[in-house]
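S.K.:
Residue numbers (our numbering): 36 to 142.
(1) Here's the rule I'm using: 16 or more other beta-carbon atoms within 10 Å means buried, otherwise exposed. How should residue 75 be labelled?
(2) Please determine, among 122, 115, 87, the residue with the shortest C-alpha to C-alpha distance to residue 102.
(3) On the criterion of 16 or more Cβ atoms from any shown chain inside 10 Å, does residue 79 qualify as buried, or is it exposed?
(4) Residue 82 and residue 114 - do their beta-carbons sit closer together than 7 Å?
(5) Return the chain-ordered ranges of every alpha helix (DSSP H) run that is complete within the region 55–97 and spans a minimum of 4 residues.
(6) Straight-line CA distance for residue 64 to residue 92?
(7) Name the two residues that bound the continuous alpha helix (DSSP H) containing residue 112.
(8) Only counting the same chain, and skipping five residues up and downstream in sequence, which positions put a Cβ closer than 6 Å to that of residue 96?
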């Protein structure tokens, strides 16, 4: 029979590490871009938009649709990079799950 106190302790440690990772991701700045860098988006490691930078040459009142598309692509690029960074950090956390003294029902 597994030592449930040990399991509980491991779960609490994992929760603490998860909290730390979330805080670190919130402080991280990840940049995405579009149009060869004419539109740049900064997001946190959790994907929250922090800042958009536009090259003046991309601001054309006659073609707002292109600017909207570039902003969308830049934000999406940054968010995808943030998601990959978060998955990498979480992989470090869940890598220790194999050491639990019981088998998880999902995985």
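Ideal Cβ positions, reconstructed from N, Cα and C, are used throughout, including at glycine. Bear in mind that the values here come from a model prediction, so they are computed numbers and not experimental data.
M.R.: The answer reads as follows:
(1) As a working note, residue 75 is residue 40 in the chain shown. By the neighbour-count rule (16 or more Cβ atoms within 10 Å), residue 75 is buried.
(2) Taking the first residue of the chain shown as position 1, residue 102 is located at position 67. Nearest option by C-alpha distance: 87.
(3) The residue you call residue 79 lines up with position 44 of the chain shown. Counting Cβ neighbours within 10 Å, residue 79 comes out buried, since at least 16 surround it.
(4) Translated into the one-based positions of the chain shown, residue 114 becomes position 79. Translated into the one-based positions of the chain shown, residue 82 becomes position 47. Taking 7 Å as the Cβ cut-off, residue 114 and residue 82 qualify as a contacting pair.
(5) none
(6) By one-based count along the chain shown, residue 64 stands at place 29. By one-based count along the chain shown, residue 92 stands at place 57. Each residue's Cα considered, the two are about 25 Å apart.
(7) Reading the chain shown from its first residue, position 77 is the one you call residue 112. Looking at the DSSP string, the run of the alpha helix (DSSP H) that includes residue 112 is 99–129.
(8) The count along the chain shown starts at 1 and reaches residue 96 at position 61. Once the five neighbours on either side are set aside, residue 96 has no close Cβ partner at all.
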